[in-house]
Each structure stands twice: as C-alpha cells, then as structure tokens.
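Under the working numbering, think of the first position of the sequence shown as 303, with each following residue one higher. Okay, so here's the structure we're looking at.
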Amino acid sequence: MIIDRAFFGFARTGTISDFKYPIILDSSKEEMLSMNEEGLRIFGKHIGQGVQRSTDGRHIESELIVDDEIIVIRNAATLLQRTRKFVSTVMDIHEKYGFSKIIYAPGIADPYILPVLVYMGISIFDDILMRKVALDGIEVTPLGYADKGEADVKTNIDLCQKIVDTLSLSIERKTLREIVEKFLISGKSIEILRILDSEYLDKQLKVFPKITPYVRANDIMSLGRPDLTDYRNRISAIYKRPDGKDILLLIPCSARKPYSQSESHQKIIEALSGMRSRIHEVIVTSPVGLVPRDLEGIYPAAFYDIPVIGKWFEDEKVMINEMLTKYLQRNNYTKVIAFVKEDLNFIREALPESAEFINGSAKKDSDLTILRTAVNDAYQSLGKQKVASEKTQEMLSVARFQFGEWIEPLLREAKVIRSYNQDMFSRSGKVIMVFNRESGKMTITKEIAPSFLDAGKFVVRIDDFKPTANIYAMGVESCDPEIRPEDEVVVAHENEVRGVGVAKMPAIAMTQLKKGVAVKVRN
C-alpha cells in the first residue's frame with residue numbers, strides 16, 4: 303500500500319510495502335528487485351500483465367508496465383537519450399494516473415540527475431547503472447565522475463542513497479527546488495528542468511506548494527520556478543493597484559525584507575512623508591520582478607534571497623520589462639516616477655514617455671530632496687480624494703491576491719485591527735482573517751468559512767465526522783480542484799462547516815489516495 307508522508311509538486315515521499323521512497327532498489331536482494339519466469343518482481347510482488355507500448359508510427363516511444371500501485375517505464379534509459387520525449391512520457395503518466403501510482407524508472411539512477419528525476423515525480427530507481435560504471439572503473443563523487451581504473455560499487459551506490467535520503471527530507475521540508483538547482487551539474491538535468499519549467503508550467507502549478515520556507519535564487523534557472531512565474535504572471539495579469547494611489551514610484555529592492563524595514567527604504571519613506579496616501583510604491587527586483595509595497599510581506603516577495611553584484615542578466619532585463627509593460631497596460635497612473643540607480647536604466651523602454659526618471663540613491667540626501675520635489679509636484683496636481691488607510695489597503699490587497707477578487711466585497715465592511723502583534727480583519731467583533739508574517743499569507747477562521755463555502759472556493763468536503771488534528775485522504779469526498787499544498791481551506795460536510803486548516807496535498811491527491819494527511823486542521 304502507498305502511504306505518502308509529504309509532497310513537493312510531483313515529488314513524494316512515504317512508504318510502499320514497508321519500503322521508504324524515493325528508493326534505490328538493491329538488485330542483489332530478491333525481496334527488493336528480481337526477475338523470474340513470471341517477469342519483473344518488485345518488493346516481492348509480480349508487476350504487471352504485459353507491456354503498454356506507444357509509437358509514433360515508426361518507432362517505439364515508450365514501454366510501460368502498469369500495476370496496481372507501480373508503473374514501470376521499461377525503456378527509461380533509452381528514452382532519457384531523447385530528453386523531451388522522456389519528460390513528456392513522465393508527464394503523460396501524471397496526467398493519466400495522477401498520484402494513484404508510483405513511478406519506477408530502471409537503469410537511470412545517475413546521482414547527478416537523481417534530484418531532477420525525483421522532482422519530476424519518479425520515486426523508484428535501482429542500482430544497475432552504478433554497478434555498471436563501477437565495473438568500468440568509474441567512481442561517482444560529489445563533483446562528478448572520476449575514472450579511477452578500479453572503483454568500489456558500494457561507494458557509488460552509497461552516494462546515490464545519500465542523495466535520495468537528502469531528497470526525501472527536502473520534500474518533507476518543502477525545499478526540494480533548492481536542492482535540484484544546487485545539483486545542476488549535469489547538462490541532462492538542466493535540459494529536464496528547463497523543459498519542465500517552460501513547457502509544463504500549468505501542470506506543475508496544479509501540484510506545486512503555495513508557499514515554501516524560502517527561495518534561494520542563486521542561479522538564473524530560479525527565474526523558471528513555478529511559484530515565482532505564477533507570482534509574476536498574476537502581478538501582470540490580475541493584480542490591481544489600491545484605489546487613490548495615482549502616482550507610481552518605482553524603486554529598487556533591498557537585501558532586508560520586508561523592504562520597508564531596510565535603512566534605504568526607511569529613508570525613502572521619510573522623504574515621502576505626508577504624500578504616501580496617493581503614492582504607489584513598487585519595488586523592481588529579481589527574480590520576482592515587481593513587488594507593490596502593499597504585497598511586500600507576502601510569499602514569495604518577503605522570502606527570497608539572491609546574490610547581488612549590481613549587474614543584470616539579459617533574461618532578468620527581459621522579464622522585468624515585459625512585466626512592467628503588461629502591468630502598466632492594466633494599471634493607469636497620472637504620473638510615473640522612477641528613482642533608481644543606473645543599473646536599472648534598462649527599464650526606461652518599458653515606461654511611458656511622460657515618465658520621470660531620477661538616477662539617485664537613498665544614501666544621498668540631495669537625491670532624496672530631488673525625489674521629494676518631483677513627487678510633490680505630481681502630488682499637488684491631484685485633486686483631493688478620501689483613501690483608506692495604508693494598513694487597510696495592504697490587507698485588502700493581500701486578501702485579493704491570495705483568494706481572488708470575490709473576497710473583496712466580504713471585507714469592505716470589516717475592520718483592520720492589530721492584536722498580539724498581528725494584523726487582522728474583524729467583523730461584528732469577531733476575527734475572520736489574520737495575516738501571518740511567518741508564512742507570508744492570510745489565515746482564515748471559522749467565522750468567515752461559510753462565505754468560502756457559499757462561493758465554493760478552497761473547500762474540502764469530507765465524510766460525516768468531526769475532524770481533529772488531521773484529515774486523511776480516505777475521509778475526503780471531493781474538493782476544489784484548484785487547491786494546492788499549503789493553501790488555506792475550509793472543511794465541510796454537505797453545507798456544514800466542520801473546520802478550517804491548511805492543505806497538505808494537491809487536490810488530485812486528496813481525491814485519489816486513501817492514505818496520507820490531506821488537511822492539517824487548525825480549528
């Protein structure tokens with residue numbers, strides 16, 4: 303039986319037949335992997351009743367052995383030579399079978415591509431390749447293959463096992479993507495990751511966690527992370543600026559996050575004193591692109607780190623300019639001002655001709671004076687308008703961005719209060735939503751849960767029982783198909799709210815699996 307402990311996108315960790323996966327099968331142990339007259343046996347069980355072949359009319363494309371719990375890509379080693387076909391085969395398996403089966407790919411347990419193979423959803427490997435390279439005198443090391451003339455099989459297998467153990471832990475800790483990017487030693491792993499990010503973004507997003515502990519953007523490949531791409535796309539296509547903020551001020555990022563707590567941003571904020579109610583501060587950065595001040599505390603804006611040398615890759619320049627162009631097509635301002643250092647001059651081409659460009663630094667009082675003068679001129683030209691408080695606008699923006707536009711009418715009459723050093727929405731004296739700065743998202747309470755149920759948003763429907771700490775997949779009847787791991791969810795039976803909590807597996811896994819925690823219940 304498959305018992306999943308944790309997910310990260312298509313990757314999963316847990317146990318099957320009392321063996322922990324991801325796993326490297328030991329071909330010397332019959333209880334793990336063997337062949338006999340019946341065919342392939344894994345974990346002591348005969349696998350499949352035949353081979354399913356797909357062809358392009360002339361060549362065999364894939365050979366699959368499909369069992370109750372395991373799918374074997376029998377020609378994985380051959381397919382891997384054609385990277386795009388290999389990726390499409392694995393993704394087709396996900397499309398057809400979801401999380402109902404574990405994938406085994408024989409003969410491809412190369413330690414330098416294991417991370418990306420696990421990331422794409424392969425859970426079972428074997429030691430055959432490592433035994434072969436050892437016979438050829440090749441030893442695997444953390445930095446690559448070494449021709450020793452004579453190599454120890456155990457050394458090779460042990461390295462693969464250590465990597466698999468690390469990957470299993472990173473799935474549980476939601477840091478798998480960082481591990482994959484650290485292991486981009488092999489050109490093949492780079493090919494696979496690029497294909498996944500560029501051609502299978504939508505499929506990844508359905509299962510990718512909504513939040514992770516952090517984003518270590520140490521490589522240009524980080525630009526393709528599904529969560530970062532999703533954030534940028536939503537800022538460009540969905541996000542709308544707060545009412546009354548008619549002046550756009552583009553400013554650079556800071557190492558400290560949220561940005562407003564940094565020394566440089568504190569000086570900018572001080573320079574704008576008395577005018578900020580009408581100014582929309584938007585931070586220009588990589589790899590997240592644009593960060594409106596009202597969203598600076600959310601994931602991923604407050605949770606990324608990137609090496610800064612004062613120079614931009616061409617891919618970053620293209621990303622930011624495309625994002626700015628789309629953003630300004632949807633969000634209109636009476637005045638656009640950019641207060642940036644010369645390294646950000648490339649954004650000029652994405653700004654309207656009327657935009658005012660100030661090359662300056664928050665470290666220089668004279669530059670801040672120039673900034674204040676420019677902003678004040680634009681501010682004085684605006685008519686008077688009553689606008690909501692900064693905190694109210696921020697909280698509304700976060701809620702809209704996280705849950706969708708449908709949530710805004712429910713919060714318009716709510717009050718924003720601060721209690722126990724937390725910002726929250728209160729309605730009729732009851733707390734309905736709290737912003738959690740540690741996770742960078744809103745958490746919901748049972749007081750607003752009926753509204754989610756009425757809207758059919760973020761709802762997990764369960765059998766007739768009273769949930770306690772965890773809801774297991776076996777108890778889930780149906781759920782909103784858009785739910786992703788770490789989403790806030792409402793738990794209901796028929797039309798009765800039974801609790802609220804956090805999703806721990808993708809929607810498709812909740813409805814397919816019988817084991818594993820689907821929702822961690824909060825109340």
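Note that the Cβ used here is the ideal one computed from N, Cα and C, for glycine as well. Remember, it's a predicted structure, so these values are computed and weren't measured experimentally.
Simplified DSSP assignment, three categories, for residue i
i    : result
T391 : helix
C781 : strand
Q687 : coil
S566 : helix
Y447 : strand
I410 : coil
D669 : helix
F605 : coil
M303 : coil
S330 : coil
K637 : strand
V353 : coil
A664 : coil
V590 : coil
S364 : strand
Terminal residues of the alpha helix (DSSP H) in which residue i lies
i    : result
T380 : 378 to 381
K456 : 455 to 475
I549 : Unbroken run through I549 is the beta strand (DSSP E), 549 to 554; no alpha helix (DSSP H).
I492 : 489 to 501
S336 : Unbroken run through S336 is the beta strand (DSSP E), 335 to 338; no alpha helix (DSSP H).
S721 : Here S721 belongs to no alpha helix (DSSP H); instead the beta strand (DSSP E) covers 717 to 721.
F648 : Careful: F648 lies outside any alpha helix (DSSP H) and carries neither H nor E.
R479 : 478 to 484
Y561 : First-last for Y561: undefined, no H or E at that position.
Span separating the alpha-carbon of residue i from that of residue j
i    : j    : result
A771 : T747 : 15 Å
C462 : I424 : 14 Å
Q687 : K628 : 27 Å
I473 : T317 : 14 Å
K387 : A640 : 46 Å
D521 : L486 : 10 Å
V762 : S491 : 36 Å
L478 : A805 : 18 Å
R276 : D789 : Absent from the model: residue 276. The displayed extent of the chain is 303 to 825, so no value can be given.
Y516 : G311 : 16 Å
S330 : G818 : 31 Å
Y414 : R720 : 49 Å
M726 : K398 : 42 Å
E616 : G662 : 23 Å
T457 : R527 : 33 Å
G612 : K619 : 13 Å
V584 : E598 : 9 Å
Exposed unless 16 or more other CB atoms sit within 10 angstroms - verdict on residue i
i    : result
T813 : buried
A348 : Ala is not the amino acid found at residue 348; the sequence shown has His there. Exposed, because fewer than 16 other Cβ atoms sit within 10 Å of the Cβ of H348.
S364 : buried
M432 : buried
R384 : exposed
P769 : buried
V374 : buried
Y722 : exposed
Q354 : exposed
Q563 : exposed
Q695 : buried
L437 : exposed
I513 : buried
M337 : exposed
First through last residue of the beta strand (DSSP E) which encompasses residue i
i    : result
Q724 : 724 to 729
D320 : That residue, D320, is in no beta strand (DSSP E); it is neither H nor E in DSSP.
S753 : From DSSP, S753 is part of no beta strand (DSSP E) but of the alpha helix (DSSP H) over 751 to 757.
L530 : First-last for L530: 528 to 539, but that is the alpha helix (DSSP H), not the beta strand (DSSP E).
F427 : 426 to 428
R800 : 798 to 805
I746 : 743 to 746
Y774 : 772 to 774
V700 : Looking at the DSSP string, V700 is not in any beta strand (DSSP E); the run it does join, the alpha helix (DSSP H), is 692 to 705.
Closest by C-alpha distance to residue i, when choosing among the options
i    : options                : result
A603 : K569, R578, C555       : C555
S683 : Y722, I415, D548       : D548
I660 : F767, Q563, L551       : L551
R558 : A411, D607, G400, N377 : D607
V626 : N647, A652, E618       : Looking at the sequence shown, residue 626 is not Val but Leu. L626 has its Cα closest to that of A652, out of N647, A652, E618.
K759 : F767, D766, I750       : I750
Y508 : V823, A820, A811       : In the sequence under discussion, the amino acid at residue 508 is Lys, which differs from the Tyr named in the question. Of the candidates V823, A820, A811, the one whose C-alpha sits nearest the C-alpha of K508 is A811.
A664 : K569, R534, F345       : K569
G777 : N458, G346, H795       : H795
L471 : E452, D499, Y421, D454 : Y421
G803 : A701, V792, A809       : V792
The ligand MN heavy atom lying under 8 Å from the CB of residue i
i    : result
V677 : The ligand MN is absent from the structure shown, which contains no ligand whatsoever.
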